[in-house]
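Accompanying notes for the structure given below.
Number of protein chains: 2
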Amino acid sequence: MKKFINRVDSLLHESLSGFAHCHRDLVVLDSDYRFVRRARAKPGKVALISGGGSGHEPLHAGFVGHGMLDAACPGQVFTSPTPDQMLAAADAVDSGAGVLFIVKNYEGDVMNFSMAAEMVGERGASLITDDDVAVQRSTFSTGRRGVAGTMVVEKILGAAAERGDALADLQTLGVHVNAATRSMGVALTSCTVPAVGRPTFDLGDQEMEMGVGIHGEPGRRRVPLAPADEIAAEIVRAIVDDLGAKAGREVLLLVNGFGGTPLLELYLMYDAASRELAKHGLMVSRSLVGNYVTSLDMAGCSITVTLLDNGITPLWDAPVHTAALRWGM
Amino acid sequence: MKKFINRVDSLLHESLSGFAHCHRDLVVLDSDYRFVRRARAKPGKVALISGGGSGHEPLHAGFVGHGMLDAACPGQVFTSPTPDQMLAAADAVDSGAGVLFIVKNYEGDVMNFSMAAEMVGERGASLITDDDVAVQRSTFSTGRRGVAGTMVVEKILGAAAERGDALADLQTLGVHVNAATRSMGVALTSCTVPAVGRPTFDLGDQEMEMGVGIHGEPGRRRVPLAPADEIAAEIVRAIVDDLGAKAGREVLLLVNGFGGTPLLELYLMYDAASRELAKHGLMVSRSLVGNYVTSLDMAGCSITVTLLDNGITPLWDAPVHTAALRWGM
Numbered sequence: 179m180k181k182f183i184n185r186v187d188s189l190l191h192e193s194l195s196g197f198a199h200c201h202r203d204l205v206v207l208d209s210d211y212r213f214v215r216r217a218r219a220k221p222g223k224v225a226l227i228s229g230g231g232s233g234h235e236p237l238h239a240g241f242v243g244h245g246m247l248d249a250a251c252p253g254q255v256f257t258s259p260t261p262d263q264m265l266a267a268a269d270a271v272d273s274g275a276g277v278l279f280i281v282k283n284y285e286g287d288v289m290n291f292s293m294a295a296e297m298v299g300e301r302g303a304s305l306i307t308d309d310d311v312a313v314q315r316s317t318f319s320t321g322r323r324g325v326a327g328t329m330v331v332e333k334i335l336g337a338a339a340e341r342g343d344a345l346a347d348l349q350t351l352g353v354h355v356n357a358a359t360r361s362m363g364v365a366l367t368s369c370t371v372p373a374v375g376r377p378t379f380d381l382g383d384q385e386m387e388m389g390v391g392i393h394g395e396p397g398r399r400r401v402p403l404a405p406a407d408e409i410a411a412e413i414v415r416a417i418v419d420d421l422g423a424k425a426g427r428e429v430l431l432l433v434n435g436f437g438g439t440p441l442l443e444l445y446l447m448y449d450a451a452s453r454e455l456a457k458h459g460l461m462v463s464r465s466l467v468g469n470y471v472t473s474l475d476m477a478g479c480s481i482t483v484t485l486l487d488n489g490i491t492p493l494w495d496a497p498v499h500t501a502a503l504r505w506g507m
Numbered sequence: 179m180k181k182f183i184n185r186v187d188s189l190l191h192e193s194l195s196g197f198a199h200c201h202r203d204l205v206v207l208d209s210d211y212r213f214v215r216r217a218r219a220k221p222g223k224v225a226l227i228s229g230g231g232s233g234h235e236p237l238h239a240g241f242v243g244h245g246m247l248d249a250a251c252p253g254q255v256f257t258s259p260t261p262d263q264m265l266a267a268a269d270a271v272d273s274g275a276g277v278l279f280i281v282k283n284y285e286g287d288v289m290n291f292s293m294a295a296e297m298v299g300e301r302g303a304s305l306i307t308d309d310d311v312a313v314q315r316s317t318f319s320t321g322r323r324g325v326a327g328t329m330v331v332e333k334i335l336g337a338a339a340e341r342g343d344a345l346a347d348l349q350t351l352g353v354h355v356n357a358a359t360r361s362m363g364v365a366l367t368s369c370t371v372p373a374v375g376r377p378t379f380d381l382g383d384q385e386m387e388m389g390v391g392i393h394g395e396p397g398r399r400r401v402p403l404a405p406a407d408e409i410a411a412e413i414v415r416a417i418v419d420d421l422g423a424k425a426g427r428e429v430l431l432l433v434n435g436f437g438g439t440p441l442l443e444l445y446l447m448y449d450a451a452s453r454e455l456a457k458h459g460l461m462v463s464r465s466l467v468g469n470y471v472t473s474l475d476m477a478g479c480s481i482t483v484t485l486l487d488n489g490i491t492p493l494w495d496a497p498v499h500t501a502a503l504r505w506g507m
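One line per chain: the protein sequences are A and B, in this order.
Residues in the first sequence are numbered consecutively from 179, following the working numbering.
Residues in the second sequence are numbered consecutively from 179, following the working numbering.
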């Protein structure tokens, strides 16, 4: 295993310390490492809290700040945070308007966040994301997995919370955005979990895993390495079919790297994916390319498409100021 | 070779097309793929142009925009752009106040940019960056290599050009910033050049290359893999010794990934490097962590330190709006 670490058991805390120090104008790290919260709270708004296993950086801590999350709870690598982390985060950022937990659909996360929601009581609500069209159930999930589309949900809800939307409205909007969003990924290599020390799965020199999960879970099938255009065509077709997207719609296209794939290739995949979407009559009017929802050091990427409408587009465009996403301010 | 590509000979153009389409609010791609320029020119300012071989994305095209570059000329992977690319870029963005070429110190780049400067004549000037302390000469360079510190120079000069500094003043400032900046890198794996199809160098499972160049050039020595703290200590010591930095100074710390290393590890290296700088009495008052000057898919990172002063700091803080770097607007 080749990684920049000191000890496996101190990796997360050291990385969080570095993150918090680097972005000390934006965020504060809880002294017990339970959560990262905004440095400047905005009283009166609903607090948005997300979290999950680490190893997907910049998700979620990189999205804490104006126009997105109020706090993020980092678990150990690929391990859910605990309910007491979520409760501590809720106590730290709830200013009276309530708390919405945004939860990727994995059994551990769903169980722990629902325990936290129960402890929070009436001032809390939860939203589960499950944008991955690849498989109907997986290693850690019943039903579809929540993957890169989660950051789209966090951005849209973040903007809506910032303008003052109430808790119930945010939950409704979140269901709508999640339903308008689909993703699918492909892996060229496995990731390596530090505590394990060897690749999560074996992949031949000429193979790729279509529909891989962000923890290296199996996808739809293992196939020979193909040209970028063919990969993009298969993923876009799977997404568009599942969305039931009609020609003429405007979409947001997110090409997300898994951590080990450089921008040179991600922009090429973006080029291929936008050409494919055009063949389906869909127009890319909003775009994002980069490593946003990663899987440690995995080489690979995912494509996410969100159907835009008059409700979603202005919220995507609204100002955001976080470590990993920033525009309009 | 596992990459998202269609054909080796179309890789660069497809990636540039994707980049330009994704960031069409910011940049325009020349129809012959010779350069990327700002979508909105600002008349009356000195035009800053950089460029070099591709494979280091987001450098340089990702830094085209308000407060940084006016144009970037991408060569093929790890290959200098040609003088006619640079001349075409100069003609496209020079609004009468002259053109400054910012050139990383590699023989091909220096030769081609000096030919371009000659063709541009009196309205042009050049600045060479050579911030890499690892070795005094290398595979493609006489003298030190220009590496991640180049983006610091581009940011500072970009802000100065934006406020209206004259060509000669920008050149003087560039020499000052380059002299205040040092970098050194370390590779955990080789990169793979698409046209070659196999790793540039072989590195054992337990080895790393200290002082590696951004094209995979040899560094100072090949050593056994070490804990992150030891790596950071060695690099910071090399940089601080070379800078002759006195205790009490404020510095900018840039921890730059080479393309295959995820943020989880880069923030940990940032944590380690800031602790090391503190031991030398240097205070990190400005920070940047991410994949900015990459080496294709290489796993590894570099550390860059710039000595701040009253001239440099406000220019670093000044607004910037590019694909890869954005703040203050």
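Think of the CB as a built atom: it goes at the ideal place given N, C-alpha and C, for glycine as much as any other residue.
Everything numeric in this text was worked out from a predicted model, so none of it was measured.
Asked, Found
"Bridge partner(s) assigned by DSSP for Pro405 of chain A", "Partner(s): none; Pro405 of chain A has no beta bridge."
"Any chain A beta carbon closer than 8 Å to Phe291 of chain B", "no"
"Below-8 Å beta-carbon distance, Glu235 of chain B vs any chain A residue", "yes"
"Residues bridged to Trp505 of chain A [DSSP beta-bridge criterion]", "A:Val498"
"With 16 other Cβ atoms within 10 Å as the buried cut-off, status of Met447 of chain B", "buried"
"Alpha-carbon to alpha-carbon, His499 of chain A and Gly506 of chain B", "10 Å"
"Beta carbon proximity, Val429 of chain B to chain A, threshold 8 Å", "no"
"Proximity below 8 Å, CB of Ala267 of chain B to CB of Phe213 of chain B", "yes"
"Any chain A beta carbon closer than 8 Å to Gly320 of chain B", "The identity of residue 320 of chain B in the sequence shown is Thr, whereas the question assumes Gly. Cβ-Cβ to chain A under 8 Å: no for Thr320 of chain B."
"Burial state of Thr180 of chain A (16 or more Cβ within 10 Å)", "Just to set this straight, residue 180 of chain A is Lys in the shown sequence, not Thr. Counting Cβ neighbours within 10 Å, Lys180 of chain A comes out buried, since at least 16 surround it."
"Exposure of His424 of chain A, with buried meaning 16 or more beta-carbon neighbours within 10 Å", "Here residue 424 of chain A turns out to be Lys, not His, going by the sequence shown. Classification for Lys424 of chain A: exposed."
"CB contact flag (Leu460 of chain B, Val418 of chain B, <8 Å)", "yes"
"Trp505 of chain B: contacting residues in chain A (beta-carbon distance under 8 Å)", "Arg504"
"Chain A within 8 Å of Gly487 of chain B, Cβ atoms only", "Checking the sequence shown, residue 487 of chain B turns out to be Asp, not Gly. Taking Cβ atoms only, chain A never reaches closer than 8 Å to Asp487 of chain B, which makes this a no."
"Environment of Ser209 of chain B [buried if 16+ CB atoms lie within 10 Å]", "exposed"
"Inter-stretch contact (C-beta, 8 Å, three-pair minimum) for the segment 462-480 of chain B and the segment 434-445 of chain B", "yes"
"Outcome for Asp269 of chain B when other beta-carbon atoms lying within 10 angstroms are tallied against a minimum of 16", "exposed"
"Cβ separation of Val325 of chain B and Gly363 of chain B, assumed to be a contact under 8 Å, to the nearest whole Å", "7 Å"
"Unbroken alpha helix (DSSP H) run spanning Gln263 of chain B, endpoints", "Pro261 to Val271"
"Supposed close pair Leu194 of chain B, Leu207 of chain B - CB separation, criterion 8 Å", "6 Å"
"Chain-order list of residues whose beta-carbon lies under 8 Å from that of Ala275 of chain B (same chain, five-residue window excluded)", "Gly222, Lys223, Val224, Ala225, Ala344 and Leu345"
"Proximity winner among B:Asn488, B:Thr320 and B:Ala239, relative to Glu395 of chain B (alpha-carbon distances)", "B:Thr320"
"Per-residue DSSP class, three states only, for Val355 of chain B", "helix"
"For Val255 of chain B and Ser232 of chain B, believed in contact at Cβ under 8 Å, the rounded distance", "5 Å"
"Contacting residues, own chain, Cβ-Cβ under 6 Å from Thr484 of chain A (five flanking each side not counted)", "Val330, Ala358, Thr359 and Leu430"
"Ser473 of chain A, buried or exposed, once every other Cβ within 10 Å from all chains shown has been counted against 16", "buried"
"Extent of the continuous alpha helix (DSSP H) to which Cys479 of chain B belongs", "Cys479 of chain B -> not in any alpha helix (DSSP H); beta strand (DSSP E) instead, spanning Gly478 to Leu485."
"Cβ-Cβ distance between Asp308 of chain A and Asn356 of chain A below 8 Å", "yes"
"Short CB-CB distance (under 8 Å) between Leu474 of chain A and chain B", "yes"
"Simplified DSSP assignment, three categories, for Ala209 of chain B", "Rather than Ala, the amino acid found at residue 209 of chain B in this sequence is Ser. Coil, per DSSP."
"Nearest to Tyr211 of chain A (by Cα), restricted to the options A:Ala250, A:Gly243, A:Ala411 and A:Met293", "A:Ala250"
"Where Cys479 of chain A meets chain B, residues with beta-carbon distance less than 8 Å", "Phe182"
"Selection from A:Met386, A:Ile409, A:Glu408 and A:Asp407 that minimises the alpha carbon distance to Arg399 of chain A", "A:Met386"
"Where Val467 of chain B meets chain A, residues with beta-carbon distance less than 7 Å", "Cys200"
"Sheet register partners of Cys251 of chain A (DSSP bridge)", "A:Gly229"
"Straight-line Cα distance separating Leu381 of chain B from Ser368 of chain B", "7 Å"
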